[in-house]
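Report on the structure given below.
Number of protein chains: 2
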Amino acid sequence: MAKPKKQPRPKAETPKGFRDYFGAEVSQRAAMLRQIAGVYHRYGFDALESSAVETVEALGKFLPDVDRPNEGVFAWQEADETGNGDWLALRYDLTAPLARVYAQHRNDLPTPYRRYAMGPVWRNEKPGPGRFRQFYQCDADTVGAPSVAADAEICAMLADCLEEVGIPRGDYVVRVNNRKVLNGVLQIMEANVQPSWAEGETNSELRGFDIEAAVLRTMDKYDKVGAEGVRQLLGKGRLDESGAFIEGVGLAEDQISAVVDFLKSRSDSNENTLDNLWSVVAGRSEVGMTGVTELREISDLLLAQGYGPDRIVIDPSVVRGLGYYTGPVFEAELTFEILDEKGRKRQFGSVAGGGRYDDLVKRFTGQEVPATGVSIGVDRLLAALHAKGRMQSHDTGPVVVTVMDRERMADYQAMVGELRAAGIRAEVYLGNPKNFGNQLKYADKRNSPVAVIEGGDEKVRGVVQIKDLILGAQIAENATLEEWKERPSQFEVPRAQLVEKVREILGGQG
Amino acid sequence: MAKPKKQPRPKAETPKGFRDYFGAEVSQRAAMLRQIAGVYHRYGFDALESSAVETVEALGKFLPDVDRPNEGVFAWQEADETGNGDWLALRYDLTAPLARVYAQHRNDLPTPYRRYAMGPVWRNEKPGPGRFRQFYQCDADTVGAPSVAADAEICAMLADCLEEVGIPRGDYVVRVNNRKVLNGVLQIMEANVQPSWAEGETNSELRGFDIEAAVLRTMDKYDKVGAEGVRQLLGKGRLDESGAFIEGVGLAEDQISAVVDFLKSRSDSNENTLDNLWSVVAGRSEVGMTGVTELREISDLLLAQGYGPDRIVIDPSVVRGLGYYTGPVFEAELTFEILDEKGRKRQFGSVAGGGRYDDLVKRFTGQEVPATGVSIGVDRLLAALHAKGRMQSHDTGPVVVTVMDRERMADYQAMVGELRAAGIRAEVYLGNPKNFGNQLKYADKRNSPVAVIEGGDEKVRGVVQIKDLILGAQIAENATLEEWKERPSQFEVPRAQLVEKVREILGGQG
Numbered sequence: 029m030a031k032p033k034k035q036p037r038p039k040a041e042t043p044k045g046f047r048d049y050f051g052a053e054v055s056q057r058a059a060m061l062r063q064i065a066g067v068y069h070r071y072g073f074d075a076l077e078s079s080a081v082e083t084v085e086a087l088g089k090f091l092p093d094v095d096r097p098n099e100g101v102f103a104w105q106e107a108d109e110t111g112n113g114d115w116l117a118l119r120y121d122l123t124a125p126l127a128r129v130y131a132q133h134r135n136d137l138p139t140p141y142r143r144y145a146m147g148p149v150w151r152n153e154k155p156g157p158g159r160f161r162q163f164y165q166c167d168a169d170t171v172g173a174p175s176v177a178a179d180a181e182i183c184a185m186l187a188d189c190l191e192e193v194g195i196p197r198g199d200y201v202v203r204v205n206n207r208k209v210l211n212g213v214l215q216i217m218e219a220n221v222q223p224s225w226a227e228g229e230t231n232s233e234l235r236g237f238d239i240e241a242a243v244l245r246t247m248d249k250y251d252k253v254g255a256e257g258v259r260q261l262l263g264k265g266r267l268d269e270s271g272a273f274i275e276g277v278g279l280a281e282d283q284i285s286a287v288v289d290f291l292k293s294r295s296d297s298n299e300n301t302l303d304n305l306w307s308v309v310a311g312r313s314e315v316g317m318t319g320v321t322e323l324r325e326i327s328d329l330l331l332a333q334g335y336g337p338d339r340i341v342i343d344p345s346v347v348r349g350l351g352y353y354t355g356p357v358f359e360a361e362l363t364f365e366i367l368d369e370k371g372r373k374r375q376f377g378s379v380a381g382g383g384r385y386d387d388l389v390k391r392f393t394g395q396e397v398p399a400t401g402v403s404i405g406v407d408r409l410l411a412a413l414h415a416k417g418r419m420q421s422h423d424t425g426p427v428v429v430t431v432m433d434r435e436r437m438a439d440y441q442a443m444v445g446e447l448r449a450a451g452i453r454a455e456v457y458l459g460n461p462k463n464f465g466n467q468l469k470y471a472d473k474r475n476s477p478v479a480v481i482e483g484g485d486e487k488v489r490g491v492v493q494i495k496d497l498i499l500g501a502q503i504a505e506n507a508t509l510e511e512w513k514e515r516p517s518q519f520e521v522p523r524a525q526l527v528e529k530v531r532e533i534l535g536g537q538g
Numbered sequence: 029m030a031k032p033k034k035q036p037r038p039k040a041e042t043p044k045g046f047r048d049y050f051g052a053e054v055s056q057r058a059a060m061l062r063q064i065a066g067v068y069h070r071y072g073f074d075a076l077e078s079s080a081v082e083t084v085e086a087l088g089k090f091l092p093d094v095d096r097p098n099e100g101v102f103a104w105q106e107a108d109e110t111g112n113g114d115w116l117a118l119r120y121d122l123t124a125p126l127a128r129v130y131a132q133h134r135n136d137l138p139t140p141y142r143r144y145a146m147g148p149v150w151r152n153e154k155p156g157p158g159r160f161r162q163f164y165q166c167d168a169d170t171v172g173a174p175s176v177a178a179d180a181e182i183c184a185m186l187a188d189c190l191e192e193v194g195i196p197r198g199d200y201v202v203r204v205n206n207r208k209v210l211n212g213v214l215q216i217m218e219a220n221v222q223p224s225w226a227e228g229e230t231n232s233e234l235r236g237f238d239i240e241a242a243v244l245r246t247m248d249k250y251d252k253v254g255a256e257g258v259r260q261l262l263g264k265g266r267l268d269e270s271g272a273f274i275e276g277v278g279l280a281e282d283q284i285s286a287v288v289d290f291l292k293s294r295s296d297s298n299e300n301t302l303d304n305l306w307s308v309v310a311g312r313s314e315v316g317m318t319g320v321t322e323l324r325e326i327s328d329l330l331l332a333q334g335y336g337p338d339r340i341v342i343d344p345s346v347v348r349g350l351g352y353y354t355g356p357v358f359e360a361e362l363t364f365e366i367l368d369e370k371g372r373k374r375q376f377g378s379v380a381g382g383g384r385y386d387d388l389v390k391r392f393t394g395q396e397v398p399a400t401g402v403s404i405g406v407d408r409l410l411a412a413l414h415a416k417g418r419m420q421s422h423d424t425g426p427v428v429v430t431v432m433d434r435e436r437m438a439d440y441q442a443m444v445g446e447l448r449a450a451g452i453r454a455e456v457y458l459g460n461p462k463n464f465g466n467q468l469k470y471a472d473k474r475n476s477p478v479a480v481i482e483g484g485d486e487k488v489r490g491v492v493q494i495k496d497l498i499l500g501a502q503i504a505e506n507a508t509l510e511e512w513k514e515r516p517s518q519f520e521v522p523r524a525q526l527v528e529k530v531r532e533i534l535g536g537q538g
């Protein structure tokens, strides 16, 4: 009989852009999600877990901030009898599923509906260093509450979450803006369009809505070129540092002023910032005035609850995903410095963001439903805490009971049983016990604090050897011979005192 | 200009076979996973979270217990430049990814590698009532430990997990068997094949391995037809109740005896069961004797740690996924009765299972790596606790601070701020406050224990109204008019005592 052809062995690899998480990476993230869920819950939000898989139809064909068709998601077609089933896809965020859930269950859900959700989302993007195609989101949203009190609440909750996970007050700030103020500025500009400009005396590519895009692009350069630079770029144009001339947008002077005043409006106090914004839009744009009034309400509401300018900053430069949001937008930024990969100091930056979006449910029901929410980037927050040295890079391993005599496995199992009953993490070495050195190497690799040894001699004498591995490592690194003798890292105790002594050692490291 | 054609509205529905989980469903599952993770961790297991997406190549083309090609998983092809990228799929369990992870990272992982993992898995199966295509698994496995001490440990840990989540001792049993004992029985049969039988005097379809399958099928009928029925079915055949004659497998008498003695070997004590099994295989099958010896070791190890026959039962009828397992197999069964959908009493049955499988890593590396593990069906466990009335069907809602005067939103926000600072779940009503009845309906829908009311009058007098909604509901249901007057469910307290009084009411419900 011919031998069946051997299949080549499969490659043991994650797909490109995916990774595995081990030990402390998993438990620390779980702990952080639990802390954040605790805050969300205390604020009255209910848990929701929607399925990871949605129909492409329900999900919508676009990522919120990405202007392209069905790319960006992992999708496949169901095989039904006709071979032509629904297209399904993995969720790319937790907001699109919320819109579907709310539309589907709205008659059973309370109004307003406060929900939180946490879990992985998937993006079918080109993977890169530190860019993964599966990552965690941790969101809270209020659906059906039109009042800016809902936005203010989200900002307060965001601040509470950051403190709960270990970012102290002073190390973060929640920056708040309002899409309506920017809309007001754009409205002022358009209202002031001069006939000559409309007729084409300007940068030739700009017509209609393109003006908006050009203004937004120019505003984004504010940090780089300053107010005077923006002024030139919005007007006739500007000579850049290399000597090249950048053609301007061609706006008139009072249009330019509205934009530049808006950009310069952030001041040393929220009160002053709001006054500056008000003078940009007052009497010139209805929507702009509404926007500033809303910002003032948010600021007042937060102040009344003790969330002052040390935590909440009105900042007109916050422009996250403006196409998606319709009202207040907010962003949490960590203000402390860390060292980047190249050892240079830099600010850690944004770890969470959100805002008001009133159109998502409308896709399904035709009715506009007001909604506002926040998404916390848990993986970035964890990275921040690690960068600041506020988080251990590994778990403490278990106490390892070594196996000196494999016929007495039951004795060793009894020991770990007692340790576990006392709440102590413990295990018997279950590899090949022949080589004792391997057992200690294993304990080392596991980051074990203690190894327990009971050979035949100890058994007869009713004692066990306890090896303090952490003290041992410290002594091996630092101690003189004298100290080594004085502080033995291995000692003998009566078998009956096993749990007590191990607990003492572990307590000492608490 | 022609109006763009209107897109039809998308349907707000989960894909077939998927569902959403709300509130207590999510938080109770999270709490249970946390409890189980705590036990796994205490036993020395480390967390692992692999990606939800694997290459089809790494995953293998088969579900462990399902004998069919690439069906059963959700899979799609990556689009690369050539249009011919890797096939990717959602994981269908947590064991196949473990094999990939271990093969990929084995040089960095300790040996043995104890890991736990929890999360959703996906099966592309025909959905049915109560059958979902996404569900949770919660696994612990030890890779690289050949000793049955590893299997015994898993059984002890499984018992601890059940008690940790609220199944008291006496309400569950961990049943243990060994694939090797069954192999021994089959070996005895094949060794005794009689020439006449091999030449075709038996049931005509049975040749070679088909005998094994026929014997296994017949063994499965033991519960239904009893020992005598199996004896007939393995021999000449049997008249069933309807009077129809079922053709027998055609085994000889001493072959039949080996099988029937095996099936009848379960006794009132593990000791007796093991003795019975031993007499079936002793001197007749090497592998069978190894199997019984291993079972005895497991039983002894567990007994030494206090896991006696009230929790651990040696049971030859456990046959879970035998094709997949290579040694000890175990299954946790809840022994209490519940009422099924039709109100009939029935045992709840299996909630967890596992065993030893030594071949999974070999696919990748060519080396056989011993492994053993358990998977706990968290959703079934939750269902069991609900069926026994040991779990609330809903969370307690937040304290709702109602809005009597929308200009004083800051006052109300300050109240919830104080309540939250005291650890009390609380929120301001953020819907349209015009209709006060709607606010109380909302509190009712949220299952709120308390509503707080502060109108203009109360504000002036420095008081708030506190409405005990749970007491109110009880009174409305049961109280006489007298009692109603005596135990007012709504009362007035000084504003400064808000937190204290709310805490009293909540404490009273603890």
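As they're listed, the protein sequences go chains A and B.
If you want the working numbering, it's the position in the first sequence, counting the first as 1, plus 28.
If you want the working numbering, it's the position in the second sequence, counting the first as 1, plus 28.
Beta carbons are placed, not taken as given, at the ideal position from N, Cα and C, and that holds for glycine.
These numbers were taken from a predicted model, which means no experiment stands behind them.
- Residue-level contact check: residue 104/A touches chain B, since one or more beta carbons of chain B fall below 8 Å from its beta carbon.
- Inter-segment contact for the stretch 483 to 497 of chain A and the stretch 529 to 536 of chain A is present: three or more beta-carbon pairs are separated by less than 8 Å.
- With a 10 Å radius around the Cβ and a threshold of 16 neighbouring Cβ atoms, residue 105/B comes out exposed.
- According to the DSSP assignment, residue 301/B belongs to the alpha helix (DSSP H) that extends over 298 to 309.
- CA-to-CA, the gap between residue 58/B and residue 114/B works out to about 34 Å.
- Taking every protein chain shown into account, the CB of residue 395/B has fewer than 16 other CB atoms within 10 angstroms, so this residue is exposed.
- Around the beta-carbon of residue 525/B, fewer than 16 other beta-carbon atoms lie within 10 Å, marking it exposed.
- Nearest CB-CB separation between residue 70/A and chain B: below the 8 Å threshold.
- Excluding its 5 nearest sequence neighbours in each direction, residue 170/B has C-beta neighbours in its own chain below 6 Å: 140, 142, 178, 400, listed in chain order.
- Chain A has no Cβ within less than 8 Å of the Cβ of residue 305/B.
- In its chain, beyond the 5 residues on either side, 494 have a beta carbon closer than 7 Å to the beta carbon of residue 519/B.
- Of all residues in the stretch 343 to 367 of chain B, none places a beta-carbon less than 7 Å from a beta-carbon of chain A.
- Spatial neighbours of residue 188/A in its own chain (CB-CB distance under 7 Å, excluding positions within 5 residues in sequence) are listed in chain order as 67.
- Residue pairing by DSSP puts residue 156/B in a beta bridge opposite 159/B.
- In the three-state DSSP reduction, residue 366/A falls in the strand class (E or B).
- Around residue 124/A, no beta-carbon contact reaches into chain B at under 9 Å, the shortest distance being about 11 Å.
- Residue 464/B: member of the alpha helix (DSSP H) spanning 464 to 473, first to last residue.
- CA-CA distance, residue 52/B to residue 423/B, rounds to 5 Å.
- Contact between the stretch 155 to 163 of chain A and the stretch 36 to 47 of chain A is established, with three or more Cβ pairs separated by less than 8 Å.
- Counting of Cβ neighbours within 10 angstroms places residue 156/A among the exposed residues, the total staying below 16.
- With contacts defined as CB atoms closer than 8 Å, residue 180/A and residue 329/A qualify as a contacting pair.
- Counting only unbroken stretches of 3 or more residues, the beta strand (DSSP E) elements lying wholly within the stretch 152 to 219 of chain A are 162 to 171, 200 to 206, in sequence order.
- The stretch 339 to 423 of chain A contains, as complete beta strand (DSSP E) runs of 3+ residues, the segments 340 to 342, 356 to 367, 373 to 384, 399 to 404 (chain order).
- With a threshold of 8 Å between beta carbons, residue 385/B makes no contact with chain A.
- Counting other Cβ atoms within 10 Å of its Cβ, residue 355/B reaches 16 or more and is therefore classed as buried.
- Counting along the chain, residue 478/B sits inside the beta strand (DSSP E) bounded by residues 478 to 481.
- For residue 83/A, the enclosing beta strand (DSSP E) begins and ends at 81 to 83.
- Contact residues of the stretch 391 to 405 of chain A toward chain B are 391, 392, 393, 394 (C-beta to C-beta distance below 9 Å).
- Taking 8 Å as the threshold, the shortest C-beta distance from residue 283/B to chain A does not fall below it.
- Cβ-Cβ distances below 6 Å link residue 78/B to 125, 129 in the same chain, with the five nearest sequence neighbours on each side left out; the list follows chain order.
- Using a 10 angstroms sphere on the CB of residue 73/A, the tally of other CB atoms reaches 16 or more, which defines it as buried.
- Contacts with chain A at 8 Å (Cβ-Cβ) include residue 455/B.
- Beta-carbon to beta-carbon, residue 432/B and residue 482/B are separated by about 6 Å, close enough to satisfy the 8 Å threshold.
- Residue 136/B sits in coil when the DSSP states are folded into three classes, being neither helix nor strand.
- Neighbours of residue 244/B in chain A, taken as residues whose beta carbon is under 8 Å from its own, are absent, since the nearest beta carbon is some 25 Å off.
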